[in-house]
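Q:
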Amino acid sequence: MNELAMAVNKQDHYLGDGVADGAYQYLTFSVLGKLMAIGILDVKEIIEVSSMTRVPMTQNSIRGVINLRGNVVPVVDLGARLGSHIIKLTKKSCIVLVSLAFHDETQTMGILVEQVNEILTIPEQNRQKPPDFGTDIDSKFISQIGRYEEDFVILLNKEKVLCVEELSEQIVAAQSSFCV
Amino acid sequence: MLDDTKKIFIQESEELLEQMENALLEMEQVPNDAEHLNSVFRAIHTIKGAAGIFGFDAIVAFTHPVESVMDNVRNGLRSVDPDLIALLLKCKDHTANLVEFISGEQEDISETLQEAGKKLLNELTPEQPSELTVTNTNEKIEVSDKRSPSEDHWVISLDFKPDALRNGLDPLSFINYLKRMGEIIEIITFTHDFPCWEDMDPESCYLSFRIALSSSANKEEIKSVFEFALDDCELRIVPPHSELEKYLALLEELTGEELNKLGELLIQVGALTEQELNSALQLQNGVLNDGTTKEIKPLGEILVEQHVVSKDVVEKAVAKQEIIREKIAQETQYIRVDANRLGQLINLVGELVISNAAVKLLVEKHDLADVQEVVSGVEGLVENIRDHALQLRMVQIGETFSRFRRVVRDVSKDLNKDVELVITGGEAELDKTVVEKINDPLTHLVRNSLDHGFETPDERVAQGKPRKGVLRLNALHDSGHIVIQIADDGAGLDTDKIRKKAEEKGLINVGQELSQREILRLIFEPGLTTKDTASNISGRGVGMDVVKRNIDALRGTIEVDSERGKGTLVTIHLPLTLAIIEGFMVGVEQERFVIPLSMVEECVEMNTDEWHLDKNSHYVNLRGQVMPYIKLSEFFGVNYQQSHRGRESLVIVKAGRAKAGIVVDRLFGELQTVIKPLGKVFQGLKGVSGATVLGSGEIALILDVQGLIGLASAKTTDVKTLESV
Amino acid sequence: MSIEAKEHNGAHFLEINDELTIYTAAMMKQELQDVLSKQDELEISLECVSDIDSAGIQILILLHQQAKKKGKTLRFIKHNRQVIDVLETLNLEALFGDPIVLPAKEF
Numbered sequence: 099m100n101e102l103a104m105a106v107n108k109q110d111h112y113l114g115d116g117v118a119d120g121a122y123q124y125l126t127f128s129v130l131g132k133l134m135a136i137g138i139l140d141v142k143e144i145i146e147v148s149s150m151t152r153v154p155m156t157q158n159s160i161r162g163v164i165n166l167r168g169n170v171v172p173v174v175d176l177g178a179r180l181g182s183h184i185i186k187l188t189k190k191s192c193i194v195l196v197s198l199a200f201h202d203e204t205q206t207m208g209i210l211v212e213q214v215n216e217i218l219t220i221p222e223q224n225r226q227k228p229p230d231f232g233t234d235i236d237s238k239f240i241s242q243i244g245r246y247e248e249d250f251v252i253l254l255n256k257e258k259v260l261c262v263e264e265l266s267e268q269i270v271a272a273q274s275s276f277c278v
Numbered sequence: 107m108l109d110d111t112k113k114i115f116i117q118e119s120e121e122l123l124e125q126m127e128n129a130l131l132e133m134e135q136v137p138n139d140a141e142h143l144n145s146v147f148r149a150i151h152t153i154k155g156a157a158g159i160f161g162f163d164a165i166v167a168f169t170h171p172v173e174s175v176m177d178n179v180r181n182g183l184r185s186v187d188p189d190l191i192a193l194l195l196k197c198k199d200h201t202a203n204l205v206e207f208i209s210g211e212q213e214d215i216s217e218t219l220q221e222a223g224k225k226l227l228n229e230l231t232p233e234q235p236s237e238l239t240v241t242n243t244n245e246k247i248e249v250s251d252k253r254s255p256s257e258d259h260w261v262i263s264l265d266f267k268p269d270a271l272r273n274g275l276d277p278l279s280f281i282n283y284l285k286r287m288g289e290i291i292e293i294i295t296f297t298h299d300f301p302c303w304e305d306m307d308p309e310s311c312y313l314s315f316r317i318a319l320s321s322s323a324n325k326e327e328i329k330s331v332f333e334f335a336l337d338d339c340e341l342r343i344v345p346p347h348s349e350l351e352k353y354l355a356l357l358e359e360l361t362g363e364e365l366n367k368l369g370e371l372l373i374q375v376g377a378l379t380e381q382e383l384n385s386a387l388q389l390q391n392g393v394l395n396d397g398t399t400k401e402i403k404p405l406g407e408i409l410v411e412q413h414v415v416s417k418d419v420v421e422k423a424v425a426k427q428e429i430i431r432e433k434i435a436q437e438t439q440y441i442r443v444d445a446n447r448l449g450q451l452i453n454l455v456g457e458l459v460i461s462n463a464a465v466k467l468l469v470e471k472h473d474l475a476d477v478q479e480v481v482s483g484v485e486g487l488v489e490n491i492r493d494h495a496l497q498l499r500m501v502q503i504g505e506t507f508s509r510f511r512r513v514v515r516d517v518s519k520d521l522n523k524d525v526e527l528v529i530t531g532g533e534a535e536l537d538k539t540v541v542e543k544i545n546d547p548l549t550h551l552v553r554n555s556l557d558h559g560f561e562t563p564d565e566r567v568a569q570g571k572p573r574k575g576v577l578r579l580n581a582l583h584d585s586g587h588i589v590i591q592i593a594d595d596g597a598g599l600d601t602d603k604i605r606k607k608a609e610e611k612g613l614i615n616v617g618q619e620l621s622q623r624e625i626l627r628l629i630f631e632p633g634l635t636t637k638d639t640a641s642n643i644s645g646r647g648v649g650m651d652v653v654k655r656n657i658d659a660l661r662g663t664i665e666v667d668s669e670r671g672k673g674t675l676v677t678i679h680l681p682l683t684l685a686i687i688e689g690f691m692v693g694v695e696q697e698r699f700v701i702p703l704s705m706v707e708e709c710v711e712m713n714t715d716e717w718h719l720d721k722n723s724h725y726v727n728l729r730g731q732v733m734p735y736i737k738l739s740e741f742f743g744v745n746y747q748q749s750h751r752g753r754e755s756l757v758i759v760k761a762g763r764a765k766a767g768i769v770v771d772r773l774f775g776e777l778q779t780v781i782k783p784l785g786k787v788f789q790g791l792k793g794v795s796g797a798t799v800l801g802s803g804e805i806a807l808i809l810d811v812q813g814l815i816g817l818a819s820a821k822t823t824d825v826k827t828l829e830s831v
Numbered sequence: 349m350s351i352e353a354k355e356h357n358g359a360h361f362l363e364i365n366d367e368l369t370i371y372t373a374a375m376m377k378q379e380l381q382d383v384l385s386k387q388d389e390l391e392i393s394l395e396c397v398s399d400i401d402s403a404g405i406q407i408l409i410l411l412h413q414q415a416k417k418k419g420k421t422l423r424f425i426k427h428n429r430q431v432i433d434v435l436e437t438l439n440l441e442a443l444f445g446d447p448i449v450l451p452a453k454e455f
């Protein structure tokens with residue numbers, strides 16, 4: 099875990115030399131038994147799951163909120179978000195913190211994953227459009243499929259996965275169904 | 107580029123223009139109130155001056171004629187009528203446009219703006235026919251003729267001391283010299299104080315004079331006539347009536363950058379000479395040195411007693427002194443602070459509160475008795491700092507309220523309605539960030555009321571109501587909340603119409619049983635408007651739902667009451683601050699929740715035996731009162747192990763009119779709660795209004811009591827509906 | 349002697365033929381007191397008052413008051429220009445109540 103965090107930090111260091119390098123690099127993690135990844139430049143931080151507070155009356159994909167240096171950050175359960183599998187918390191579970199722009203503000207969100215693996219360099223020729231069907235994950239969440247050695251890596255579309263509007267609407271819907 | 111001076115100018119001008127508008131609106135009620143006239147004059151005068159300093163020539167060019175008009179009004183040369191006030195309001199708007207313009211990038215004023223300015227100025231100072239001017243001057247002469255001549259003279263009293271003659275003075279020569287200063291209208295030589303012939307010392311002086319002088323000279327100049335006699339006579343110079351007015355006017359106009367002593371103030375306007383001041387001060391000190399008199403007389407009193415200065419002038423000067431003192435006090439009291447910096451401070455104080463809680467936790471954990479005392483001392487300080495920091499952002503709501511005067515005036519005029527705005531409770535304070543956010547919802551409610559609420563004057567009279575409608579804005583504090591009320595005595599809401607509309611829109615089922623309150627609540631649903639035709643004021647069917655959403659976002663509530671033909675009352679409850687509150691922490695299983703302490707009425711032990719709780723009914727008998735309750739563990743229902751069941755507690759909470767009990771497992775007690783927003787993702791979530799970070803670093807959610815009660819009652823209603831099906 | 353007894357067209361009067369100022373005040377007081385104590389009715393001509401100042405005026409005022417007090421008749425007559433000016437300046441003409449006859453040559 100620490101090594102990895104360091105790796106991410108190192109990444110930051112030589113980002114200054116050439117952004118192009120970073121653009122090809124992905125942080126991979128496992129969810130639903132699959133290898134997934136997001137661009138290393140999108141990752142702010144990786145933290146262990148220490149204490150997470152459940153928010154009642156919300157859907158499963160909202161795992162809860164955590165305290166990130168005094169700020170409250172929502173955590174999305176990637177298993178529940180992409181499928182219907184709630185991630186079981188283990189020693190290996192991690193929260194990948196991602197920041198995204200939302201109405202001129204920067205919103206930090208956490209993604210709960212089963213395990214963080216490694217940083218891979220996947221050059222453009224090794225990436226391709228997602229198939230129109232055939233994946234068990236809604237294709238809107240996939241930006242590209244990457245190939246690394248013999249494995250496929252699902253490169254996630256963070257804007258869709260962490261879409262604030264959609265999650266918010268789901269919360270309202272969940273709550274009204276909860277009231278019935 | 108907007109440099110700092112420009113920013114200051116813009117900000118100050120905006121404030122002044124607001125003052126001007128308020129004063130003008132007051133003038134509509136009391137046209138000739140000197141204070142308001144002056145206020146308008148000062149505002150425009152100051153803006154003109156500042157604009158001149160900063161070189162905003164367009165503003166100077168426009169404000170100068172406006173200032174002249176105001177000056178004439180002030181001097182009674184032009185009368186105030188509603189047209190003039192309306193025109194001046196337009197001038198205020200135009201000035202605001204000009205000020206706004208200079209904040210922009212462009213160098214030259216657009217032609218349309220220039221034209222608008224010219225047009226206003228033409229209206230303001232129409233070419234007066236020469237005839238009119240003549241009449242005016244005639245009037246002026248008449249005015250001055252009316253004044254009785256005796257009023258307008260200096261009155262000099264001159265009492266020579268016995269040694270005057272021996273010291274080589276000849277009183278007569280002074281009087282002859284005085285003739286050069288003006289015309290001696292009257293002179294009285296006092297003879298009744300003369301000694302009898304036998305006792306008379308022919309070389310002593312017994313002469314006293316009272317002289318009425320008509321002169322354009324000022325007091326100091328007149329005094330200079332007697333310069334060489336000052337040691338040998340008592341001289342008092344009483345200014346003429348016009349001079350008194352001049353003193354009063356001068357006193358009024360003193361800008362008073364620094365706090366002057368009363369005497370200095372009087373000398374400044376010429377009502378007092380330095381010599382007079384000195385002798386009065388000597389008198390004052392004499393009394394002091396004497397030791398016999400216990401009280402030192404105020405200088406003003408001495409001056410009046412000695413007939414040096416008239417009572418009016420002294421009173422005015424004292425009042426002025428007070429104003430200057432206040433102004434200086436205010437100036438030193440207020441510092442402009444960047445709102446962001448204040449926000450940062452409050453955030454830091456929030457962190458401090460949390461850190462302090464963490465320290466407290468550690469001290470308890472390690473059982474450090476000697477540290478405990480220090481920590482609790484620090485805790486007290488932190489609490490103080492928190493309160494003060496929050497207080498910094500508190501502003502009175504009055505300013506927000508008074509902005510609506512213009513809205514009410516303009517809108518009711520447009521609609522041909524006659525509505526008076528009555529503002530009360532303007533001194534109630536709340537967080538600036540909250541104030542900023544309620545402006546829009548309030549504007550909407552006020553406009554709504556003017557448009558839909560009030561009838562036309564004729565309709566009102568036909569219904570036996572006063573012709574003039576009354577719109578009330580009121581604010582008050584209630585258990586840690588601010589309550590804002592918007593009340594009108596208009597037509598009230600038509601519940602049948604609302605019901606019909608709601609049925610049409612499919613918001614409710616046809617024939618669905620609803621209480622009056624529930625029907626009224628429907629107006630906050632999207633897409634519902636009762637006005638048949640949309641107007642440009644309101645009534646496009648967007649609005650009330652937006653208002654409600656805005657209020658919800660502030661963790662507030664909005665309720666509406668209405669009686670047909672009597673009027674409508676909208677009540678808004680808002681939290682005083684969005685930053686830090688006193689909370690009450692409760693625990694359900696392993697989870698912790700914070701209830702705003704202001705909403706907690708009491709805590710009672712759940713008496714299961716006595717209350718015969720069952721699964722279906724959710725209410726208890728609390729001292730004869732039916733108290734519905736929400737069992738948090740069930741309500742937030744996750745698979746709680748039923749094993750842990752100590753004594754449960756019932757926390758009685760109050761939100762607006764509703765009261766309810768919340769059943770929890772544990773009570774942790776009061777807690778300073780730094781409110782952290784949950785983030786945009788949770789913006790639609792009801793029942794939870796925010797989060798706070800505990801000393802342990804964990805997050806506890808803050809319960810939105812009103813929302814919870816709403817959810818619970820929605821749930822029961824649905825259950826009922828299901829049952830009835 | 350600054351005060352001389354005169355006779356004109358059969359009328360007897362006193363004439364002050366000195367200045368009436370602070371310099372002569374003490375002496376004037378004395379002389380006038382003597383005159384007043386001797387007669388019950390007297391006229392004083394101010395025609396030849398060469399100078400008059402406040403001290404002189406005081407004396408005239410006091411003498412007038414004293415005469416009244418003692419029930420005597422005192423009239424100032426033949427005011428010269430200078431005296432008239434002073435009386436006018438101090439608005440004392442009325443106080444003495446004497447008819448002020450301006451010498452013909454003044455016109």
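Chain order of the listed sequences is Z, G and U. So for the first sequence, this note's numbering puts the first residue at 99; every next one is plus one. So for the second sequence, this note's numbering puts the first residue at 107; every next one is plus one. So for the third sequence, this note's numbering puts the first residue at 349; every next one is plus one. Every residue gets a Cβ at the ideal spot worked out from N, C-alpha and C, and that includes glycine.
#1: Quick one: what's got a C-beta closer than 8 Å to residue 175 of chain Z's C-beta in the same chain, skipping five residues either side?
#2: Would a C-beta distance cut-off of 7 Å place residue 736 of chain G and residue 768 of chain G closer than the cut-off?
#3: Inspect the CB distances between the region 471 to 483 of chain G and the region 499 to 506 of chain G and report whether three or more fall short of 8 Å.
#4: Just the C-alpha distance for residue 431 of chain G and residue 480 of chain G, rounded to the nearest angstrom, thanks.
#5: If you follow the beta strand (DSSP E) that residue 155 of chain Z is part of, which residue opens it and which one closes it?
#6: Using DSSP with H/G/I as helix, E/B as strand and the rest coil, what is residue 157 of chain G?
#7: Can you pull out the residues from the region 244 to 277 of chain Z whose beta carbon lies closer than 7 Å to at least one beta carbon of chain G?
#8: Got a sec, what are the start and stop residues for the beta strand (DSSP E) residue 667 of chain G sits in?
#9: Pull out every residue of the region 410 to 423 of chain U whose Cβ sits closer than 8 Å to any Cβ of chain G, in chain order.
#10: Answer with yes or no whether the minimum CB distance from residue 300 of chain G to chain U is below 7 Å.
#11: Excluding the five sequence neighbours on either side, which residues of its own chain have a C-beta within less than 7 Å of the C-beta of residue 693 of chain G, listed in chain order?
#12: Out of G:534, G:147 and G:229, point me to the one whose CA is closest to residue 190 of chain G's CA.
#13: Quick check: what's the CA-CA separation for residue 647 of chain G versus residue 764 of chain G?
#14: Mapping the DSSP letters down to three states, classify residue 749 of chain G as helix, strand or coil.
#15: According to a CB-to-CB cut-off of less than 9 Å, which residues of the region 163 to 176 of chain Z neighbour chain G?
#16: Please report the distance separating the alpha-carbon of residue 677 of chain G from that of residue 215 of chain G.
#17: So what's residue 761 of chain G in DSSP terms, helix, strand or just coil?
#18: Hey, which unbroken runs of the alpha helix (DSSP H) at 4 residues or more fall wholly within the region 396 to 429 of chain U?
#19: Which residues, taken in chain order from the region 432 to 443 of chain U, show a beta carbon closer than 7 Å to some beta carbon of chain G?
#20: Rounded C-beta distance between residue 593 of chain G and residue 673 of chain G? I'm assuming under 8 Å.
#21: Using only the alpha-carbon positions, how far apart do residue 451 of chain G and residue 601 of chain G sit?
#22: Please state the DSSP three-state secondary structure of residue 672 of chain G.
#23: Just the C-alpha distance for residue 791 of chain G and residue 522 of chain G, rounded to the nearest angstrom, thanks.
#24: Quick check: the region 626 to 633 of chain G against the region 687 to 702 of chain G, are there 3 or more CB pairs under 8 Å?
#25: Since residue 90 of chain Z and residue 255 of chain Z should fall inside the 8 Å C-beta cutoff, what is the C-beta to C-beta distance between them, to a whole number of angstroms?
#26: Around the Cβ of residue 302 of chain G, are there at least 16 other Cβ atoms within 10 angstroms (buried) or fewer (exposed)?
#27: When you compare the CB of residue 812 of chain G with every CB in chain Z, is at least one pair closer than 7 Å?
#28: Looking only at its own chain, which residues have a Cβ that is under 6 Å from the Cβ of residue 609 of chain G, when we skip the five neighbours before and after it?
A: Reading from the atomic positions:
#1: 158, 159, 160, 161, 184, 185 and 210
#2: yes
#3: Pairwise C-beta distances place the region 471 to 483 of chain G out of contact with the region 499 to 506 of chain G, as fewer than three of them are shorter than 8 Å.
#4: 42 Å
#5: Note, residue 155 of chain Z: premise wrong, no beta strand (DSSP E); not H, not E.
#6: The answer is helix: DSSP assigns residue 157 of chain G an H, G or I state.
#7: 262, 265, 266, 269, 270, 273 and 277
#8: Start and end: 663 to 669.
#9: 410, 411, 413, 414 and 417
#10: Yes, residue 300 of chain G lies at the interface with chain U (some Cβ there is under 7 Å from its Cβ).
#11: 770, 771, 772 and 774
#12: The option with the nearest alpha carbon to residue 190 of chain G is G:229.
#13: Confidence at residue 647 of chain G is low in this model, with a pLDDT of 44, below 50, so its placement is unreliable and no value can be given for it.
#14: Since pLDDT at residue 749 of chain G reaches only 47, below the 50 mark, its modelled position is unreliable, and the value read off the structure follows with that caveat. It is coil, neither helix nor strand.
#15: 163, 164, 165, 168, 169, 170, 171, 172 and 174
#16: 45 Å
#17: strand
#18: 402 to 418
#19: 434, 437, 438, 439, 440 and 443
#20: 6 Å
#21: 48 Å
#22: coil
#23: Between residue 791 of chain G and residue 522 of chain G, the C-alpha separation is close to 43 Å.
#24: no
#25: Any property of residue 90 of chain Z remains undetermined from this structure, which presents chain Z solely from 99 to 278.
#26: Residue 302 of chain G is exposed by the Cβ-count criterion.
#27: no
#28: 616
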